[in-house]
Amino acid sequence: MAAAAASASPVINNLNPGQYVGFDSITRQIETKLLKRGFQFNVMVVGQTGLGKSTLVNTLFASQLIDSKGRFQPEEQSRSTTEIQTVSHVVQENGVRLRLNIVDTPGFGDLVNNDGCWEPIVKYIKDQHSAYLRKELTAMRDKYIVDTRVHACVYFINPSGHGLRPIDVIVMKKLAEVVNVIPVIAKSDSLTLTEREAFKSRIASELAYHQIKMYPFDAEDDERDEREINEGVRETLPFAIIGSQKTLNVNGTQVRGRKTRWGVIDVENEDHCEFVKLRNFLTRTHLQDLIETTAQIHYEAFRSKQLLALKNQANSAKPQEAASP
Ligand SMILES: Nc1nc2c(ncn2[C@@H]2O[C@H](COP(=O)(O)OP(=O)(O)O)[C@@H](O)[C@H]2O)c(=O)[nH]1
Ligand SMILES: [Mg+2]
44 MAAAAASASP VINNLNPGQY VGFDSITRQI ETKLLKRGFQ FNVMVVGQTG
94 LGKSTLVNTL FASQLIDSKG RFQPEEQSRS TTEIQTVSHV VQENGVRLRL
144 NIVDTPGFGD LVNNDGCWEP IVKYIKDQHS AYLRKELTAM RDKYIVDTRV
194 HACVYFINPS GHGLRPIDVI VMKKLAEVVN VIPVIAKSDS LTLTEREAFK
244 SRIASELAYH QIKMYPFDAE DDERDEREIN EGVRETLPFA IIGSQKTLNV
294 NGTQVRGRKT RWGVIDVENE DHCEFVKLRN FLTRTHLQDL IETTAQIHYE
344 AFRSKQLLAL KNQANSAKPQ EAASP
């Protein structure tokens, strides 16, 4: 049995030393090239006013942005966001350079009429796709195109304890068509741990009920284990997060936290909330996949639609007599 299996295998992998050609170094060659270039990652925050979006923008990578004296950077006054703003950081770890853009958006949902409140946000996302496509289509295109496409959109859900509001469903549906949406429960310190768990599963089932196409997507040719991994990710969503721009002193160590009647909530403590889970998800476990999904699914859909429109335009611009008899 074993012999039969071995003879069926066409792979020759015990070349003698004289035959070593060295192509196994290709992984190192790729790594060197990628490290030199660095990585670009763009995250956006979306949701109702006052849910802590701007706070999260300043908390998300705050501990990585500690200055040389070991202090957090000066606390910024949060003010209400009236236009789409981008904050950029360069984070470096073990020689890997990550350029981070965090896109903060004005809140919505506080008007009586919220018709079209998502439009500027969706437009911003499409504009980035469009800019990328234009650069791709220029004759003398750059070897490396600066990527401003939004790779992840963190959507803030009001910790009402009840469920999604109709506006959340509408906006998330619109967003999910163009970007990877990561739902989070904002200000989850306003819910008890039991309430939080119940609310999490409530939201998860509502997302499924409304058939909002959430990241990660199952591709038709996905292997079973890939589907299982995706299912696992979906089970952890939405992350129940807490943000803070305050540095508090707990037993001599500085933590990012919020002071409550019951004590200090340490934002970075996984027993207190899922802020670190969200950050790990974005940077540690799904960074590459979010970037890839953006390019292969969202950007690709945009690109083929645009190119088709261009082709139709060109056809209809042709002289009329050449058309149908
Ligand atoms: N309790 C609580 N308050 C928060 C949290 N995150 C932000 N806040 C506060 O909520 C207010 C609005 O925050 P901001 O970031 O400006 O909200 P935005 O309108 O979504 O950008 C500020 O006073 C924040 O300090 C949180 O996780 N828990
Ligand atoms: Mg804001």
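So the sequence shown is numbered by the working numbering: it starts at 44 and just counts up by one. Every residue gets a Cβ at the ideal spot worked out from N, C-alpha and C, and that includes glycine.
With C-beta atoms as the reference, is residue i less than 7 angstroms away from residue j?
i, j, result
"Pro226", "Tyr198", "yes"
"Asp309", "Val298", "yes"
"His194", "Ile334", "yes"
"His172", "Arg142", "no"
"Trp161", "Val222", "no"
"Val212", "Leu218", "no"
"Gly206", "Glu249", "yes"
"Gln288", "Thr98", "yes"
"Asn144", "Thr125", "no"
"Val89", "Ile164", "yes"
"Ile246", "Lys216", "no"
"Ala360", "Glu317", "no"
"Arg346", "Leu236", "no"
"Asp261", "Arg267", "no"
Hey, would you say the C-beta of residue i is under 6 angstroms away from at least one heavy atom of ligand 2?
i, result
"Ser97", "yes"
Once the 5 residues before and after residue i are set aside, which same chain residues still bring their CB inside 8 angstroms of it?
i, result
"Gly138", "Leu78"
"Gly113", "With a pLDDT of 44 at Gly113, under the threshold of 50, the modelled position of this residue cannot be trusted, and the question is left open."
"Ser111", "Because the pLDDT at Ser111 is just 41, under 50, the model does not fix this residue reliably, and the point stays unresolved."
"Ala352", "none"
"Arg140", "Leu78, Gly81, Phe82, Val133 and Val134"
"Lys354", "none"
"Val293", "Gly300, Val307 and Asp309"
So does residue i have its beta carbon nearer than 6 angstroms to some heavy atom of ligand 1?
i, result
"Ile285", "yes"
"Leu330", "no"
"Asp314", "no"
"Thr75", "no"
"Lys302", "no"
"Leu94", "yes"
"Val232", "Position check: residue 232 holds Asp in this sequence, whereas Val was assumed. Yes, since a heavy atom of ligand 1 falls inside the 6 angstroms radius drawn around the Cβ of Asp232."
"Gly150", "yes"
Only counting the same chain, and skipping five residues up and downstream in sequence, which positions put a Cβ closer than 7 angstroms to that of residue i?
i, result
"Gly93", "Gly150"
"Leu325", "Val86 and Ala195"
"Ala357", "none"
"Leu234", "Pro202, Gly204 and Phe242"
Pop quiz: residue i and residue j are said to be a contact at Cβ under 8 angstroms. What is the actual Cβ separation, rounded to whole angstroms?
i, j, result
"Ala229", "Pro202", "6 angstroms"
"Thr336", "Pro259", "7 angstroms"
"Thr181", "Asp232", "49 angstroms between Cβ atoms; not a contact."
"Asp185", "Gln83", "No, Asp185 and Gln83 are not in contact; Cβ-Cβ is about 14 angstroms, not under 8 angstroms."
"Leu103", "Arg327", "So it is not a contact: roughly 13 angstroms between Cβ atoms."
By Cβ distance, which residues of its chain are closer than 6 angstroms to residue i, with the 5 residues on each side in sequence left out?
i, result
"Ile127", "Thr148 and Tyr167"
"Val54", "none"
"Ser131", "Asn144"
Counting only beta-carbon separations shorter than 7 angstroms, does residue i have a partner in chain B?
i, result
"Glu162", "Absence of chain B from the displayed structure is noted, only one protein chain being present."
*Counting only runs of 3+ residues fully inside the segment 248-332, write out the beta strand (DSSP E) ranges in chain order.*
Qualifying beta strand (DSSP E) stretches, in chain order: 290-293, 296-303 and 306-309.
*Ignoring anything shorter than 4 residues or poking outside the segment 149-219, list the alpha helix (DSSP H) runs there in chain order.*
162-180 and 209-219
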